[in-house]
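Trainee:
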Amino acid sequence: MRILVVEDDELIARGIVSGLRAYGLTADTVPSAARAELALAHADCDAVVLDRGLPDGDGLDWLARLRRGGNPVPVLLLTARDAVEDRIAGLQSGADDYLVKPFDLGELVARLHALMRRSGGRSTNVVEAGPLRFDPSSGRAWLEGAPVELSRRESTLLACLMQAEGRCLTAEQIKDRLYGLDQEVGSNAVNVHVHNLRRKLGSDAIETVRGRGYRLGWLRP
6 MRILVVEDDE LIARGIVSGL RAYGLTADTV PSAARAELAL AHADCDAVVL
56 DRGLPDGDGL DWLARLRRGG NPVPVLLLTA RDAVEDRIAG LQSGADDYLV
106 KPFDLGELVA RLHALMRRSG GRSTNVVEAG PLRFDPSSGR AWLEGAPVEL
156 SRRESTLLAC LMQAEGRCLT AEQIKDRLYG LDQEVGSNAV NVHVHNLRRK
206 LGSDAIETVR GRGYRLGWLR P
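The opening residue of the sequence shown carries number 6 in this note's numbering; numbering runs sequentially from there.
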């Protein structure tokens with residue numbers, strides 16, 4: 006799961022990003038609404054963590070513009086404003102969830118996974134494809150009932166392939182989900198992770214679509 010953190014306080018932003026990465030998520034941070042628009046235009050993000058007090062305006066105004074433009078990305082408001090009126094205003098502006106500072110990092114991660122479940126139309130964390138069962142929130146996987154040990158990158162790759170529900174993802178789209186904006190990535194990095202995941206799940210787990218990219222073989226449309 007790739008998260009965009011929109012927060013102008015550098016110390017808080019770094020703490021959130023470091024914490025999300027420690028939980029196995031890919032995370033980037035930007036300090037303003039304008040930078041957030043650019044980030045969403047150039048990278049696939051699964052969810053946004055949004056602060057209200059931004060240097061170029063109220064985060065709710067940016068959120069409202071985002072929704073008017075038809076962008077459905079799940080948004081969690083993370084703010085110190087805890088009045089009921091503020092919560093109502095946030096949800097009415099298009100937020101999918103609301104968390105008040107100070108917060109527990111584990112709760113933030115759990116809420117982000119809950120947002121992904123709802124956006125995917127699921128009621129439980131565990132998803133299935135062929136002989137595979139996978140829990141994106143913990144990164145645990147089982148192949149024909151036997152546990153499979155996955156690295157953080159492998160878990161993220163599997164999550165984005167399962168989320169695609171059989172659609173083909175380009176190598177660039179996969180790279181966006183696996184790595185943050187500030188990370189250097191080798192040209193064959195995606196191929197390496199695909200190879201390692203096939204080795205653990207079987208050669209038919211991931212299908213290469215020539216000239217297009219990859220998709221989960223068990224979810225072929």
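Beta carbons: idealized from backbone N, C-alpha and C, even for Gly.
Enumerated in chain order, which unbroken segments of the alpha helix (DSSP H) with a length of 4 residues or greater are wholly contained in the segment 54-109?
Mentor: 64-73 and 89-97
Trainee: Does DSSP classify Thr175 as helix, strand or coil?
Mentor: Reduced to three states, the DSSP call for Thr175 is coil.
Trainee: Tell me the DSSP bridge mates of Gly218?
Mentor: Val214
Trainee: Quick one: is Leu16 buried, meaning 16 or more other Cβ sit within 10 Å of its Cβ, or exposed?
Mentor: That one is exposed.
Trainee: Which same chain residues end up closer than 7 Å to Arg158 when comparing Cβ atoms and leaving out the 5 residues on each side of it in sequence?
Mentor: Leu183 and His198
Trainee: Just how far apart, CA to CA, sit Ala115 and Ser142?
Mentor: Ala115 and Ser142 have their C-alpha atoms roughly 8 Å apart.
Trainee: Excluding the 5 residues preceding and the 5 following Gly62 in the sequence, name in chain order all residues of the same chain whose CB lies nearer than 7 Å to its CB.
Mentor: Ala38
Trainee: Report the CB separation of Val2 from Ala32 in whole angstroms; it is logged as a contact under 8 Å.
Mentor: The displayed coordinates of the chain run from 6 to 226. Any statement about residue 2 would go beyond what the structure contains.
Trainee: In the structure shown, what three-state DSSP assignment does Ala169 receive?
Mentor: coil
Trainee: Using beta-carbon positions only, say whether Ala169 and Leu117 come within less than 7 Å of one another.
Mentor: no
Trainee: Thinking C-alpha only, which one of Ala194, Val190 and Gly150 is nearest Leu206?
Mentor: Minimum Cα-Cα distance from Leu206 among the listed residues Ala194, Val190 and Gly150 corresponds to Gly150.
Trainee: State the start and end residues of the unbroken beta strand (DSSP E) segment that holds Val10.
Mentor: Arg7 to Val11
Trainee: Can you tell me the Cβ-Cβ gap for Ala194 and Lys180, rounded? I've got them flagged as a contact below 8 Å.
Mentor: 7 Å
Trainee: For a test of the three-state rule: what should DSSP assign to Glu133, helix, strand or coil?
Mentor: In the structure shown, Glu133 sits in a strand (DSSP, three-state: E or B).
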